[in-house]
Amino acid sequence: MIRRVIMFIISIFSEVKYIINIILIELATRETYFACNCNLKDVGPREDATRIGSACVVRRQVVDISPLRRVNQAIYLLTTGACECAFRNVKTVAECLADKLINAGKGSSNSYAIKKKDEIERVGKTNR
(Lines of atoms letter the chains of each structure in order from A and count residues from 1; the text may use other names and numbers.)
(Lines give C-alpha, C1' and ligand atoms only; values in the text may rest on other atoms or scores of the structure.)
Protein backbone atom coordinates (compact mmCIF):
# COMPACT_ATOMS: atom_id res chain seq x y z
CA MET A 1 0.00 0.00 0.00
CA ILE A 2 2.75 2.43 0.93
CA ARG A 3 4.63 1.56 -2.25
CA ARG A 4 1.56 2.49 -4.34
CA VAL A 5 1.26 5.82 -2.56
CA ILE A 6 4.94 6.57 -3.14
CA MET A 7 4.66 5.65 -6.83
CA PHE A 8 1.57 7.85 -7.14
CA ILE A 9 3.41 10.82 -5.58
CA ILE A 10 6.40 10.28 -7.88
CA SER A 11 4.11 10.20 -10.93
CA ILE A 12 2.44 13.44 -9.82
CA PHE A 13 5.79 15.17 -9.42
CA SER A 14 6.92 14.01 -12.86
CA GLU A 15 3.68 15.41 -14.36
CA VAL A 16 4.21 18.73 -12.54
CA LYS A 17 7.75 18.92 -13.91
CA TYR A 18 6.38 18.21 -17.41
CA ILE A 19 3.73 20.96 -17.01
CA ILE A 20 6.36 23.49 -15.91
CA ASN A 21 8.53 22.59 -18.91
CA ILE A 22 5.55 23.07 -21.25
CA ILE A 23 4.81 26.48 -19.74
CA LEU A 24 8.42 27.61 -20.09
CA ILE A 25 8.61 26.40 -23.71
CA GLU A 26 5.28 28.10 -24.57
CA LEU A 27 6.42 31.37 -23.09
CA ALA A 28 9.83 31.21 -24.79
CA THR A 29 8.32 30.55 -28.22
CA ARG A 30 5.79 33.36 -27.97
CA GLU A 31 8.52 35.83 -26.99
CA THR A 32 6.18 37.64 -24.65
CA TYR A 33 6.88 38.78 -21.16
CA PHE A 34 4.71 36.83 -18.82
CA ALA A 35 5.30 37.01 -15.13
CA CYS A 36 4.32 33.63 -13.76
CA ASN A 37 2.28 35.39 -11.16
CA CYS A 38 -0.73 33.15 -11.45
CA ASN A 39 -2.11 33.72 -7.99
CA LEU A 40 -4.67 31.01 -7.51
CA LYS A 41 -6.75 33.22 -5.25
CA ASP A 42 -7.24 35.62 -8.17
CA VAL A 43 -8.64 32.81 -10.32
CA GLY A 44 -11.27 31.86 -7.72
CA PRO A 45 -14.48 33.88 -7.30
CA ARG A 46 -14.67 36.59 -4.62
CA GLU A 47 -18.34 36.22 -3.77
CA ASP A 48 -21.05 33.64 -4.23
CA ALA A 49 -24.77 33.23 -3.58
CA THR A 50 -26.13 30.80 -1.04
CA ARG A 51 -29.67 29.64 -0.32
CA ILE A 52 -31.32 31.05 2.79
CA GLY A 53 -34.71 29.89 4.03
CA SER A 54 -36.71 26.87 4.99
CA ALA A 55 -39.35 24.74 3.34
CA CYS A 56 -40.65 26.37 0.17
CA VAL A 57 -39.63 29.96 1.01
CA VAL A 58 -36.06 30.20 -0.27
CA ARG A 59 -34.08 33.24 -1.34
CA ARG A 60 -30.47 33.67 -2.37
CA GLN A 61 -28.07 35.69 -0.23
CA VAL A 62 -24.67 37.00 -1.35
CA VAL A 63 -21.72 35.84 0.76
CA ASP A 64 -18.00 36.54 0.61
CA ILE A 65 -15.73 33.58 -0.04
CA SER A 66 -12.80 32.89 2.29
CA PRO A 67 -9.28 32.91 0.78
CA LEU A 68 -8.79 29.17 1.34
CA ARG A 69 -12.05 28.35 -0.44
CA ARG A 70 -11.04 30.66 -3.30
CA VAL A 71 -7.80 28.73 -3.74
CA ASN A 72 -9.59 25.37 -3.52
CA GLN A 73 -12.21 26.47 -6.02
CA ALA A 74 -9.55 27.85 -8.36
CA ILE A 75 -7.69 24.52 -8.35
CA TYR A 76 -10.98 22.70 -8.98
CA LEU A 77 -11.91 24.99 -11.88
CA LEU A 78 -8.44 24.75 -13.47
CA THR A 79 -8.34 20.95 -13.29
CA THR A 80 -11.94 20.59 -14.49
CA GLY A 81 -11.21 22.83 -17.46
CA ALA A 82 -8.07 20.86 -18.29
CA CYS A 83 -9.91 17.53 -18.13
CA GLU A 84 -12.71 18.81 -20.36
CA CYS A 85 -10.14 20.20 -22.80
CA ALA A 86 -8.26 16.88 -22.98
CA PHE A 87 -11.37 14.73 -23.39
CA ARG A 88 -11.48 13.28 -26.93
CA ASN A 89 -8.53 15.43 -27.93
CA VAL A 90 -4.98 14.77 -29.06
CA LYS A 91 -3.54 16.98 -26.30
CA THR A 92 -2.69 15.41 -22.98
CA VAL A 93 -4.10 16.59 -19.66
CA ALA A 94 -0.72 18.08 -18.75
CA GLU A 95 -0.60 20.14 -21.95
CA CYS A 96 -4.17 21.35 -21.44
CA LEU A 97 -3.45 22.22 -17.81
CA ALA A 98 -0.39 24.21 -18.88
CA ASP A 99 -2.52 26.14 -21.38
CA LYS A 100 -5.19 26.78 -18.75
CA LEU A 101 -2.57 28.05 -16.28
CA ILE A 102 -1.09 30.40 -18.87
CA ASN A 103 -4.53 31.76 -19.80
CA ALA A 104 -5.52 32.12 -16.15
CA GLY A 105 -2.32 33.99 -15.38
CA LYS A 106 -3.04 36.42 -18.20
CA GLY A 107 -6.65 36.79 -17.09
CA SER A 108 -7.80 35.69 -20.55
CA SER A 109 -11.44 34.86 -21.05
CA ASN A 110 -10.38 31.72 -22.97
CA SER A 111 -9.67 30.06 -19.63
CA TYR A 112 -12.42 27.82 -18.26
CA ALA A 113 -11.62 28.96 -14.71
CA ILE A 114 -11.96 32.66 -15.56
CA LYS A 115 -15.27 32.05 -17.37
CA LYS A 116 -16.69 30.16 -14.41
CA LYS A 117 -15.37 32.76 -11.96
CA ASP A 118 -17.14 35.53 -13.89
CA GLU A 119 -20.32 33.44 -14.04
CA ILE A 120 -20.34 32.80 -10.26
CA GLU A 121 -19.64 36.48 -9.49
CA ARG A 122 -22.39 37.55 -11.90
CA VAL A 123 -24.90 35.34 -10.09
CA GLY A 124 -23.78 36.84 -6.81
CA LYS A 125 -24.14 40.36 -8.16
CA THR A 126 -27.71 39.76 -9.31
CA ASN A 127 -28.71 38.54 -5.84
CA ARG A 128 -27.55 41.58 -3.90
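The letter at position 89 of the sequence shown is residue 118 when you use this note's numbering, and the numbering goes up by one with no holes. Glycine residues also receive a C-beta, built at the ideal position from the N, C-alpha and C atoms.
*Provide the residue(s) that pair with Gly82 in DSSP beta bridges, ordered along the chain.*
The partner list for Gly82 (beta bridge, DSSP) reads Val87.
*Measure the Cβ-Cβ separation of Val91 and Glu76 and say whether it is below 7 Å.*
In this structure, Val91 sits near Glu76, with a CB-CB distance shorter than 7 Å.
*When you compare only the Cα positions, how much space is there between Val72 and Thr79?*
20 Å
*asked:* Suppose you measure from the CA of Glu49 to the CA of Leu107; what does that come to, to the nearest Å?
replied: At residue 49 the sequence reads Ile, which differs from the Glu that was named. If you take the alpha carbons of Ile49 and Leu107, they lie about 15 Å apart.
*What's the gap between the Cα of Ser43 and the Cα of Arg151?*
Approximately 38 Å, taken between the alpha carbons.
*Roughly how many angstroms separate the alpha carbons of Asn118 and Cys125, rounded to a whole number?*
10 Å
*Could you give the DSSP three-state label for Val92: helix, strand or coil?*
strand
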